[in-house]
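As structure tokens, the structure follows; a few thoughts come after it.
Number of protein chains: 2
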Amino acid sequence: MSPKVDSDTLRVLLVDDHDLFRTGLRNLLEEQGVQVVGEAASGFDAIRIVREIAPDVVVMDLNMPGMTGVEATREISSIAPLTRVVVLTISDQDEDVMDAIVAGACGYLVKDSSIEELMRGIKAAAIGESLISPPIASKVLQRMRAVTLDQGAETIRSELSERELDVLRLIANGKDNAEIAEALHISPKTVKNHISNILMKLQIENRIQAAVYAVRSGIV
Amino acid sequence: MSPKVDSDTLRVLLVDDHDLFRTGLRNLLEEQGVQVVGEAASGFDAIRIVREIAPDVVVMDLNMPGMTGVEATREISSIAPLTRVVVLTISDQDEDVMDAIVAGACGYLVKDSSIEELMRGIKAAAIGESLISPPIASKVLQRMRAVTLDQGAETIRSELSERELDVLRLIANGKDNAEIAEALHISPKTVKNHISNILMKLQIENRIQAAVYAVRSGIV
DNA sequence: TGCAAGATGGGCCGTGCGGCCCATAGGCGC
DNA sequence: GCGCCTATGGGCCGCACGGCCCATCTTGCA
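Protein sequences appear in the order of chains A and B.
Quick note, my numbering runs 7 ahead of the 1-based positions in the first sequence.
Quick note, my numbering runs 7 ahead of the 1-based positions in the second sequence.
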């Protein structure tokens, strides 16, 4: 069985300003066994729902009135780093492609993709991988060489204080609270306080997820 | 056992592209009773002379125009396995350290070593032992540890059963034992047993380190 | 001057975790 | 058939963990 990704357990939020598209997509995904835990018609709603229910994957349309999908993606990546955003938009000509990627999108699919392709994109995102429609993949790679280096790490780390990063690094090394306290010359209780703040800021549940986050973010 | 090494009978070849250095070194060695049976200013000459006179020990500089000392060492080790090569090079910063070791160098000394140290290195090489300058030695050990760990990790990973890999993947997703049990349709107690086995096999302490290992190994 | 935020701590408490013992069932090789 | 390994499960236990209160002190900003 080897549950690389068990689609049954995947909690997905749909964000699109067209009710009809959302409804149709919901049905398709649910037929595939995906648990659609919410729908949003705007970026604002999307952010609010992400705060509330912290879905595994957000399927995000870019073209929406009010807050754009790019802005919503950026905000979601900031407040819930473990929630992966898959952009699903009209055309590969969309000029926001790069912005969406930089904003933290974990996948980029065009709307005429098949349901199978969307499923693969969602599953890939859920495990931290990315599925990008071939037409735009090369553009992305080219652009990425120019930008990323400081930006990606910068925004994420600004959420955590220096001291919290110290603690996070030690967490990722498998240290327990007593060892962290000794290494930083502080009380174990202070370590626990820092960890509580880290978990709250990253919207995660436990130190294991924190360690994984640290490794994936290149903090350690 | 331990063939007696009489420095009077030691036949040494000096390889260095600097005439002055070779000459000075020859005098020093001959004062110590070493029989310098040849000098070479290049790797090609060194190989030729080794073929002709089969010295006991070759004292080899690494930085030479044309064929490098590493290449010459590799060739000599191949054509005259009984001839020991002692690398004598400028700095412990030399990047070729490991290459030289792999190429078959039987000792590794920096050029600011004392004549006594060089003598000990040559005698050691002559009886199949190795003298390595401390700054170099630490690097070698470090590399060995890394290699050993890598190989160990590879070996060990293959020792993880499929079921244990299932569990490990879920650990890395931050799931607790109850969630893992539910996902795999087994008892939480069985999950704990699997985890205990994983920790033992990977020689780690807790599930955090297991999660980090999984991420770094690309298992998730 | 006051106030917000961060770093430093303490106490209490429920629960998750991992180690220790143990058993049973099934497959695989000798 | 016998031994070995794996997967499955149980009971017990001590400790680590994370949430919930709370406090103090410093720093910086308005």
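Heads up, the beta-carbon is just placed ideally off N, CA and C, and yes, glycines get one too.
Between the alpha carbons of Arg91(A) and Ala188(A) lies a distance of about 32 angstroms. Within the same chain, Cβ atoms closer than 6 angstroms to the Cβ of Glu82(A) are found at Ile54, the five residues on either side in sequence being excluded. Going by DSSP, Thr197(A) is part of the alpha helix (DSSP H) stretching over Pro195 to Leu209. Note: Gln42(B) is bridge-paired with Arg18(B) in the DSSP secondary-structure output. Our two residues, Asp119(B) and Leu32(B), have alpha carbons roughly 12 angstroms apart in a direct line. By the 16-neighbour rule on beta-carbons within 10 angstroms, Lys130(B) is buried.
Judged by DSSP in its simplified three-state form, Ala47(B) adopts strand. When the Cα atoms are used, Ser224(B) and Ala218(B) turn out to be separated by approximately 10 angstroms. The continuous alpha helix (DSSP H) containing Met126(A) extends over residues Ile122 to Ala133.
By the CB criterion at 9 angstroms, Ala133(A) and Asp63(A) fall inside the cutoff. Under DSSP, Leu95(B) takes part in a beta bridge, and its partners are Leu116(B). For Glu38(A) and Met126(A), the gap between their C-alpha atoms comes out near 11 angstroms. Shortest Cα-Cα distance from Thr80(B) to any of Glu59(B), Ile122(B), Gly114(B) and Pro195(B) involves Gly114(B). Considering only beta carbons, no part of the region 35–61 of chain A lies closer than 7 angstroms to chain B.
Cα atoms of Gly128(B) and Glu59(B): separation of roughly 24 angstroms, rounded to the nearest angstrom. In this structure, the alpha-carbon of Arg29(A) lies about 23 angstroms from that of Ala87(A).
Val198(A) does not reach chain B, its nearest Cβ partner there being about 14 angstroms away, counting only Cβ pairs nearer than 7 angstroms.
Val66(A) is bridged by DSSP to Leu21(A) and Val93(A). CA-to-CA, the gap between Pro72(B) and Lys208(A) works out to about 58 angstroms. Any Cβ of chain A closer than 9 angstroms to the Cβ of Glu212(B) would place that residue at the interface, and such an atom is present. Inclusion of Val41(A) and Leu69(A) in the CB contact set at 9 angstroms is not warranted, their separation being larger than that value. Under a 10 Å Cβ-count criterion, Ser121(B) is classified as exposed, with fewer than 16 other Cβ atoms of the shown protein chains found around its own Cβ. Chain order gives the chain B residues near Thr16(A) as Ala190, where near means a beta carbon separation below 7 angstroms. Measuring C-alpha to C-alpha distances from Met74(A) to each of His201(A), Ala179(A) and Ser49(A) identifies Ser49(A) as the nearest.
The beta carbon of Ile205(B) does not come within 9 angstroms of any beta carbon belonging to chain A, so the residue lies off that interface.
His201(A) counts as buried, since at least 16 other C-beta atoms from the protein chains shown sit within 10 angstroms of its C-beta. CA-to-CA, the gap between Phe51(A) and Ala61(A) works out to about 15 angstroms.
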